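Before any comments, here is the structure.
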C-alpha cells in the first residue's frame, strides 16, 4: 500500500508540496520520480517541513476547519432561504463543496448559462456523469462566505425559481 496526499487544499496550493509513504515500493517510486521530474523545489518543502515541525499546521487545520464549517453553514442556510421549494442541499462530511438538488424542472445546464451571464460560476450536475444524470443538480463551493456570495446565491435561487 502507498499512502500519499497534498497540502494544496489545506495550506498553500502554489507550493505544490505533498507527501508519500511508499512502503515497500520506495525504490520504484523514487525511480519514477526521477524519470518524471529531476528537480524539486526545495524552499517550499523546507518551509512546509518547518511549519509541520513547530506545530503550526495542526493549529492551522483547527482554524480552517472552523472557518469552513461556518462558511458551509452560512452557504447552506442561504440556499435554503433563496432556492425554490423542493430544493435539497448535501451536508458534506469532508471538503467544502455542496451538492444542490433542485426541482426536476430546473435544468442545471441552462442555469449554468444564466449564471455565467451574471458572473456566477457553478458546476452543473451532468458534467459529473457519463450518462447525462444529475440534470437538476449543481455543485457549488462553500469555502468562503461574504456579502458577494450571499448575493450570488440569491441570484442563483431566483434564476432556479424562474425555471421551477
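In this note's numbering, the protein residues as written are 56 to 219. From the three backbone atoms N, C-alpha and C, an ideal C-beta is built for every residue, glycine too. All values derive from a computational prediction rather than experimental measurement.
beta-carbon residue i near the ligand GTP non-hydrogen atom, thresh 6 Å
i	result
residue 192	Among the components modelled here there is no ligand, and therefore nothing to report on the ligand GTP.
Cα-Cα separation, residue i to residue j
i	j	result
residue 65	residue 217	37 Å
residue 56	residue 118	31 Å
residue 155	residue 211	11 Å
residue 133	residue 115	27 Å
residue 188	residue 160	14 Å
residue 126	residue 145	14 Å
residue 183	residue 192	10 Å
residue 77	residue 84	7 Å
residue 171	residue 121	30 Å
residue 112	residue 202	29 Å
residue 174	residue 213	15 Å
residue 149	residue 185	24 Å
residue 204	residue 142	18 Å
Cβ pair residue i, residue j closer than 7 Å
i	j	result
residue 137	residue 194	no
residue 139	residue 219	yes
residue 206	residue 157	no
residue 14	residue 123	Nothing in the structure corresponds to residue 14, since the chain is present only between 56 and 219.
residue 129	residue 200	yes
Where the beta strand (DSSP E) through residue i begins and ends
i	result
residue 196	192-196
residue 58	58-61
residue 82	That residue, residue 82, is in no beta strand (DSSP E); its alpha helix (DSSP H) goes 81-91.
residue 216	No beta strand (DSSP E) contains residue 216, which is instead part of the alpha helix (DSSP H) from 202-218.
Boundaries (first-last residue) of the alpha helix (DSSP H) holding residue i
i	result
residue 76	That residue, residue 76, is in no alpha helix (DSSP H); its beta strand (DSSP E) goes 73-76.
residue 128	111-137
residue 98	97-108
**Request:** Determine contact between the region 165-182 and the region 107-120, defined as no fewer than three beta-carbon pairs at a distance below 8 Å.
**Result:** Fewer than three beta-carbon pairs drawn from the region 165-182 and the region 107-120 are found closer than 8 Å, and the two stretches are therefore not classed as touching.
**Asked** Any chance the region 66-82 sits against the region 91-100, with 3 or more Cβ pairs inside 8 Å?
**Response** Verdict: yes, contact present.
**Prompt:** What are the uninterrupted segments assigned as alpha helix (DSSP H) that are 4 or more residues long and contained completely in the region 148-175, given in chain order?
**Reply:** Taking only runs of at least 4 residues, the alpha helix (DSSP H) segments lying wholly in the region 148-175 are 163-172.
**Asked** Are the region 152-166 and the region 85-95 touching, with three or more C-beta to C-beta distances below 8 Å?
**Response** Put simply, the region 152-166 does not touch the region 85-95. Fewer than three CB pairs are less than 8 Å apart.
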